[in-house]
Structures are given as C-alpha cells and as structure tokens.
Amino acid sequence: MSQSTDSTDPTDPEPWRDLRVGDPIRMTGIPVGWALPHAHVPSCTRKLVEKLVAGRTLLHVHHLDDLETPWILYESFDAEGRKQADFLSVHDLVWERVDEPA
0 MSQSTDSTDP
10 TDPEPWRDLR
20 VGDPIRMTGI
30 PVGWALPHAH
40 VPSCTRKLVE
50 KLVAGRTLLH
60 VHHLDDLETP
70 WILYESFDAE
80 GRKQADFLSV
90 HDLVWERVDE
100 PA
C-alpha cells in the first residue's frame, strides 16, 4: 500500500507528521506551490526533486529535526567522483509511503 501526499491535501494537511526515522518513501511529484509566481525554489533543489521523481528513487527518513519535521538524505557522486550529500525536508514535498518487503 502506498500513500500519496501533498502539503495542500485538505484531507490530511500534515501527513508528514506520521513519518519516523527509517520510514521508506518515494517522491511522486513536484509540489503545486512551486509553480506559484511568488515561489522561490533554488534550481538545485528543483533539479534534485525532479531527478528523484523521475527515477522513482526509494528514500528513507534520515532524521527528525527539533520541530519533528522529517528530513531525507540523498547521496550521490559528482562528475569528478566526489561524494555529494543533499538533505531535503519532506514536509512540503509530494511523496508516498512505500511498503518494503518483509
């Protein structure tokens, strides 16, 4: 079972509050708020989320911050082979919970 979510979903305005460290999730779309004229999303963040959505990348909640907001860590390598680490807060992204095989 998977659960698609969006911070604009009126039926569950804060579904990210149920996430815990280690929970598997997958990005499923670009937040609708990112298309608004006043929205400022750094191009590197937009490209990363687009990559995660297109690749259907399985991610895990890395940690919860002081406000209990879940964050993911995405690690990759640049063209020179150097490791890159990107953190994204899940609270305003479009994602689904993924059931992993037992």
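Read in order, the letters of the sequence shown are residues 0 to 101 in numbering that gives the first Met the number 0.
Even for Gly, the Cβ is constructed at its ideal location relative to N, Cα and C.
Predicted, not measured: the structure shown is a model, and the values here were computed from it.
Cβ pair residue i, residue j closer than 9 Å
i	j	result
ARG104	PRO69	Given that the chain is displayed from residue 0 to residue 101, the structure contains no residue 104 and the question cannot be resolved.
GLY28	HIS59	no
TYR73	LEU51	yes
Residue i to residue j span [Cα, whole Å]
i	j	result
LEU66	PRO23	20 Å
GLY54	LEU63	24 Å
VAL40	GLU99	31 Å
Residues bridged to residue i [DSSP beta-bridge criterion]
i	result
LYS82	PHE76
LEU87	ILE71
Run of the alpha helix (DSSP H) containing residue i, from where it starts to where it stops
i	result
VAL93	Note, VAL93: premise wrong, no alpha helix (DSSP H); beta strand (DSSP E) at 93-96.
LEU51	42-53
Boundaries (first-last residue) of the beta strand (DSSP E) holding residue i
i	result
VAL60	57-63
ARG25	23-28
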